[in-house]
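For the sequence shown, position 58 (counting from the first letter as 1) is numbered 61 according to this note's numbering, and the numbering increases by one without interruption. Notes follow once the structure below has been shown.
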Amino acid sequence: DPAARALILQGAGSRAWIGGADIREMATLDSNSARTFIEQLHGVCRTLRELPVPVLARIDGLCLGAGLEIAACCDLRLASATSRFGMPEVQVGIPSVIEAALLPRLIGSGRARDLVLTGRIIDADVALSWGLVESVVPSLELETLTQERLSMILDAAPGAIRAQKALCRQWETLPLAEAVQAGIDAFAEAFRSDEPRAYMQRFLNRLRR
4 DPAARALILQ GAGSRAWIGG ADIREMATLD SNSARTFIEQ LHGVCRTLRE
54 LPVPVLARID GLCLGAGLEI AACCDLRLAS ATSRFGMPEV QVGIPSVIEA
104 ALLPRLIGSG RARDLVLTGR IIDADVALSW GLVESVVPSL ELETLTQERL
154 SMILDAAPGA IRAQKALCRQ WETLPLAEAV QAGIDAFAEA FRSDEPRAYM
204 QRFLNRLRR
């Protein structure tokens with residue numbers, strides 16, 4: 004949707020944001036159906052990562068396994084103080100896979116290994132100190148925080164936001180010199196529209212008040 008500006012992912016309540024995949028369903032899988040199952044889940048994650056607009060994870064409650072992988076695909080992760088995070092797959096006989104591969108770049112290799120090799124659960128304060136989430140607030144303040152971040156995104160230039168999201172993805176994979184060049188190209192491309200002039204003029208008008 005060209006008119007879309009952002010996406011917020013949130014759970015239905017405060018018990019779990021996404022508590023992980025259904026263990027009962029996974030217990031019935033064989034090798035072929037397991038491959039289909041995990042490829043479908045990867046498809047969901049890939050779709051989130053490829054969205055051209057910012058994706059905000061509003062996390063309130065458990066964020067485990069596939070839930071944490073989906074959170075890792077988001078651009079901003081905002082959590083309540085009662086949220087819990089983990090990759091407990093090894094405790095039920097399977098490895099953590101697909102977008103668990105994003106964890107080392109978010110929290111470092113050692114901490115990622117801590118999560119996936121032990122299956123232990125960490126609280127929101129630890130997740131914040133590790134850089135797994137960007138903000139932690141009391142549960143009752145989470146909606147306010149989410150709307151504040153959303154408002155800042157919506158107040159920014161939509162073309163610039165999409166360009167920045169694309170650059171963030173490129174920064175993940177390109178060598179430094181190519182990433183810098185991608186930024187130069189994006190900067191020049193931005194001036195093909197009137198958006199920079201309009202938003203710079205808006206900024207200057209605010210200074211005059």
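Every residue, glycine too, gets a C-beta built ideally from N, C-alpha and C. The model shown is predicted, which means the values in this text are computed figures rather than measured ones.
First and last residue of the uninterrupted beta strand (DSSP E) at residue i
{"i": "Leu67", "result": "65–67"}
Which residues DSSP lists as bridging residue i, in chain order
{"i": "Arg211", "result": "Arg211 pairs with nothing; no bridge assigned."}
{"i": "Ile11", "result": "Leu59"}
6 Å CB neighbourhood of residue i in its chain, flanking five on each side removed
{"i": "Glu13", "result": "The question names Glu, but residue 13 is Gln in the sequence shown. Cβ within range, chain order: Arg61."}
{"i": "Val140", "result": "Leu148"}
{"i": "Glu198", "result": "Ala160, Gly162"}
{"i": "Ala189", "result": "Ala166, Leu170"}
{"i": "Ala130", "result": "Phe88, Val136"}
Opening and closing residue of the alpha helix (DSSP H) in which residue i lies
{"i": "Arg27", "result": "26–29"}
{"i": "Phe190", "result": "179–193"}
Span separating the alpha-carbon of residue i from that of residue j
{"i": "Cys48", "j": "Ile26", "result": "19 Å"}
{"i": "Leu106", "j": "Ala115", "result": "6 Å"}
{"i": "Arg63", "j": "Ile21", "result": "Reading the sequence as shown, one finds Asp at residue 63 and not Arg. Cα-Cα distance, rounded: 9 Å."}
{"i": "Leu143", "j": "Gly89", "result": "23 Å"}
{"i": "Ser132", "j": "Arg108", "result": "15 Å"}
{"i": "Ile125", "j": "Leu145", "result": "19 Å"}
{"i": "Ala166", "j": "Glu181", "result": "16 Å"}
{"i": "Gly70", "j": "Gln204", "result": "42 Å"}
{"i": "Cys171", "j": "Ala84", "result": "28 Å"}
{"i": "Arg123", "j": "Ala30", "result": "21 Å"}
{"i": "Val93", "j": "Val100", "result": "11 Å"}
{"i": "Arg200", "j": "Glu192", "result": "13 Å"}
{"i": "Ser196", "j": "Ile156", "result": "19 Å"}
{"i": "Leu67", "j": "Asp158", "result": "33 Å"}
{"i": "Ser86", "j": "Ile187", "result": "40 Å"}
{"i": "Thr121", "j": "Gly113", "result": "12 Å"}
{"i": "Leu18", "j": "Tyr202", "result": "Per the sequence shown, residue 18 should be read as Arg rather than Leu. Between Arg18 and Tyr202, the C-alpha separation is close to 41 Å."}
Cut-off 7 Å between Cβ atoms - residues of its own chain near residue i, not counting five sequence neighbours on either side
{"i": "Gly111", "result": "none"}
{"i": "Val95", "result": "Ile26"}
{"i": "Glu137", "result": "Leu79, Arg80, Leu81"}
{"i": "Leu54", "result": "Leu10"}
{"i": "Ala185", "result": "Leu170, Gln173, Leu177"}
Proximal residues to residue i (C-beta, below 8 Å), its chain only, five neighbours per side dropped
{"i": "Pro98", "result": "Glu92, Val119"}
### 3 or more residues per run - each beta strand (DSSP E) lying fully within the segment 108–162
124–126, 138–140
### Message
My parser needs the beta strand (DSSP E) runs of 3 or more residues fully inside the segment 16–102; what are they?
### Response
19–21, 58–62, 65–67, 79–83, 87–89
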